[in-house]
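All remarks here apply to the structure that follows.
In the numbering used here, the protein residues as written are 5 to 273.
Laid out in structure tokens, this is it:
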């Protein structure tokens with residue numbers, strides 16, 4: 005059962021430090037290994053399970069069965085969430101994954117899971133108009149500065165399509181402390197990731213590049229995270245005609261809290 009909760013207050017200002025996986029110069033092969041790990045953990049641990057009812061609301065408001073995922077990276081939680089929607093709500097969805105840096109291995113995994121993965125880059129602030137459906141971002145909105153995050157939301161509203169942005173990172177002492185455990189988690193979970201290649205093993209246990217990169221980006225993600233109050237200010241600055249905005253947190257027992265922004269088209273009066 006999902007529960008809503010009162011979000012914690014942020015104790016310090018947002019710091020837009022750099023994440024290594026965002027950098028164009030970061031080697032694509034290394035980026036693919038890291039995003040593969042992040043996608044596998046997200047899928048296996050079900051950290052976004054509380055987003056399923058919110059996805060359903062967006063699909064119903066948009067009159068669509070297509071989910072257009074932005075900033076998909078190595079894949080993300082949508083295959084699992086699609087299963088939850090089918091099993092618990094009788095709603096089958098078409099999943100289309102996109103990224104600014106398309107990932108061939110992620111595309112292969114998406115196809116194997118019954119999803120689609122666009123080969124051309126997609127900018128979340130200017131999505132091609134022919135790409136319709138409910139837009140989603142999972143642990144991706146914090147990559148954008150406030151003005152760019154607003155542009156992501158505004159573009160969906162301008163096209164009259166629903167959007168859901170979901171984050172499990174938070175700018176709080178708990179979020180920073182959680183990031184400190186990331187290297188240990190990478191060491192523990194890497195043997196379960198497929199494909200388990202020799203470069204992945206060497207750069208995890210020989211020269212611990214992957215644990216350090218994922219730790220740094222996880223810590224920066226917590227410091228970059230937009231607070232619920234900041235997200236409300238962004239949505240309050242957008243016009244409300246024929247569209248509604250909702251900001252909150254949802255959680256399932258035993259799972260982390262999911263901070264979300266949900267934008268829904270509404271019939272014109």
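Beta carbons: idealized from backbone N, C-alpha and C, even for Gly.
Burial state of residue i (16 or more Cβ within 10 Å)
{"i": "residue 156", "result": "buried"}
{"i": "residue 267", "result": "buried"}
{"i": "residue 102", "result": "buried"}
{"i": "residue 10", "result": "With a pLDDT of 47 at residue 10, under the threshold of 50, the modelled position of that residue is not reliable, and the figure given next carries that caveat. Per the 10 Å Cβ criterion, exposed."}
{"i": "residue 185", "result": "exposed"}
{"i": "residue 86", "result": "buried"}
{"i": "residue 260", "result": "buried"}
{"i": "residue 205", "result": "exposed"}
{"i": "residue 5", "result": "At residue 5 the pLDDT is 42, less than 50, meaning the model places this residue with poor confidence and gives no usable figure here."}
{"i": "residue 231", "result": "buried"}
{"i": "residue 241", "result": "exposed"}
{"i": "residue 8", "result": "Residue confidence for residue 8 is low, a pLDDT of 48 falling below 50, so the modelled location carries little weight; the figure read from the coordinates is stated next. Residue 8 should be labelled exposed."}
{"i": "residue 203", "result": "exposed"}
Top-ranked residue by Cα proximity to residue i, from the options
{"i": "residue 59", "options": "169, 51, 106", "result": "169"}
{"i": "residue 237", "options": "225, 226, 252, 142", "result": "252"}
{"i": "residue 135", "options": "145, 124, 81, 143", "result": "124"}
{"i": "residue 121", "options": "73, 149, 147, 81", "result": "73"}
{"i": "residue 217", "options": "178, 187, 71, 95", "result": "187"}
{"i": "residue 175", "options": "263, 258, 104, 89", "result": "263"}
{"i": "residue 65", "options": "258, 259, 247", "result": "247"}
{"i": "residue 22", "options": "160, 243, 226, 233", "result": "226"}
{"i": "residue 213", "options": "16, 24, 20, 18", "result": "24"}
{"i": "residue 98", "options": "41, 257, 70", "result": "70"}
{"i": "residue 104", "options": "92, 117, 126", "result": "126"}
{"i": "residue 133", "options": "146, 114, 163", "result": "163"}
{"i": "residue 271", "options": "200, 244, 229, 143", "result": "244"}
{"i": "residue 93", "options": "116, 63, 110, 112", "result": "63"}
{"i": "residue 84", "options": "166, 201, 51, 202", "result": "51"}
Delimiting residues of the beta strand (DSSP E) encompassing residue i
{"i": "residue 98", "result": "98–101"}
{"i": "residue 253", "result": "247–255"}
{"i": "residue 187", "result": "First-last for residue 187: 186–193, but that is the alpha helix (DSSP H), not the beta strand (DSSP E)."}
{"i": "residue 268", "result": "262–269"}
{"i": "residue 126", "result": "Segment: none, residue 126 is in no beta strand (DSSP E) and carries neither H nor E."}
{"i": "residue 72", "result": "70–73"}
Start and end residues, alpha helix (DSSP H) containing residue i
{"i": "residue 233", "result": "232–240"}
{"i": "residue 221", "result": "213–228"}
{"i": "residue 83", "result": "82–93"}
{"i": "residue 332", "result": "Residue 332 is absent from the structure shown; the chain starts at 5 and stops at 273."}
{"i": "residue 115", "result": "108–116"}
*Residue ranges of each alpha helix (DSSP H) within the region 8–64, 4 or longer*: 32–49
*Does the region 205–214 touch the region 183–196, meaning 3 or more C-beta pairs lie closer than 8 Å?*
yes
_Whole alpha helix (DSSP H) elements within the region 129–181, 4-residue minimum_ = 150–163
_Validate contact between the region 14–33 and the region 56–71 using beta carbons, cut 8 Å, 3 pairs_ = no
*Contact the region 40–47 vs the region 77–85: 3+ CB pairs below 8 Å*: yes
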